[in-house]
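In the working numbering, the protein residues as written are 114 to 346. Taking it in order: structure first as structure tokens, then the write-up.
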């Protein structure tokens, strides 16, 4: 069986050192696998996550793919063969080793969770550095096409100012970004415009410090889950 992720892409080029340690990595899949992942992106078992007026504004839809710290693939029976294989590869030692080599941080035994997201019209994620219990986040994208004028792009920032943009990464399938957490690792997702015809589709693989808990899926979370429908199907 051929692999889904081309892990050699993760170790081919060093991370940027400014304004913090980050990298943009593309061409993670073959054209055939990229098409399969984009076409069968999950739509089940999402919850709305939102908050306004705090340290950052945010709103999006989230689904567990791999449970925090256990490696359990969530709702595996509803995943397409392509997505099931991708989830399995993300939980394998080879992926952890490749990211460890890229970041020069030993992630081999770090607690890890994977979540997938839909950002529909008006969805956003304001400027922030990640929580201090996070070590490394790998953000992967799954839209087969995207107009950057519709928002929904990852902005690497020099500061908390959303206009202080260093780089813009569109959510195209095969594209990804690696962020090494620091107190100044500012980044944001620009707000998706009202007229957007689809959702911005992303997945985060997050590695944590020992004994961390999931902030996305806290113990006892009773938030109702639902199928996600894009604005126009």
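Beta carbons: idealized from backbone N, C-alpha and C, even for Gly.
Point to revise | Cβ neighbours of residue 289 in the same chain (closer than 8 Å, five flanking residues each side left out) | key: 137, 138, 139, 141, 251, 252, 253 and 254
Item to check | Close Cβ partners of residue 308 (< 8 Å) along its chain, the five nearest in sequence each way excluded | outcome: 234 and 263
Relative to the C-alpha of residue 214, which residue among 339, 336 and 127 is closest? 127
query: Beta-carbon separation of residue 291 and residue 135 under 9 Å?
result: yes
Worksheet entry | Residue range of the unbroken alpha helix (DSSP H) whose run includes residue 146 | Start and end: 144-152.
Quiz item: When the Cα atoms are used, what is the spatial distance from residue 257 to residue 328?
Solution: For residue 257 and residue 328, the distance between alpha carbons rounds to 29 Å.
Threshold first: 3 residues or longer. Then list the beta strand (DSSP E) segments lying entirely within the region 190-278, N to C. 225-232, 237-241, 247-254 and 267-270
Next on the checklist: If you follow the beta strand (DSSP E) that residue 299 is in, where does it begin and where does it stop?
Outcome noted: Premise fails: residue 299 is in no beta strand (DSSP E) and is neither H nor E.
Measuring alpha carbon to alpha carbon, tell me which residue in 117, 164, 131 and 125 is nearest residue 145. 117
Leaving out five residues on either side along the sequence, give the residues of the same chain with a beta carbon under 6 Å from the beta carbon of residue 241. 169
- prompt: On the three-state DSSP scale, how would you describe residue 285?
  reply: strand
Taking residue 151 as the reference, which of 171, 238 and 195 has the closest Cα? 195
Thinking residue 313 and residue 232 are a contact (beta carbons under 8 Å), I'd like their distance in whole angstroms, please. 4 Å
Of the residues 311, 322, 176 and 204, which one's Cα is nearest the Cα of residue 244? 322
Nearest-angstrom Cα separation, counted from residue 183 out to residue 239: Rounded to the nearest angstrom, the two C-alpha atoms are 29 Å apart.
*On the DSSP bridge assignment, give the partners of residue 320 in chain order.*
225 and 249
| message | Just to confirm my understanding: we take residue 346, look at its own chain, exclude 5 residues before and 5 after, and list those with CB closer than 8 Å. What are they? | response | At residue 346, the pLDDT of 44 sits below 50, so the modelled position is not reliable; the number obtained from the coordinates is stated separately. Same-chain partners within the cutoff: there are none.
Q. Among 216, 173, 161 and 178, which one has its Cα closest to the Cα of residue 125?
A. 216
When you compare only the Cα positions, how much space is there between residue 159 and residue 132? Cα to Cα, the separation comes out at about 33 Å.
*asked:* Does residue 189 pass the burial test, meaning 16 or more other C-beta atoms within 10 Å, or should it be called exposed?
replied: When all chains shown are included, residue 189 counts as exposed.
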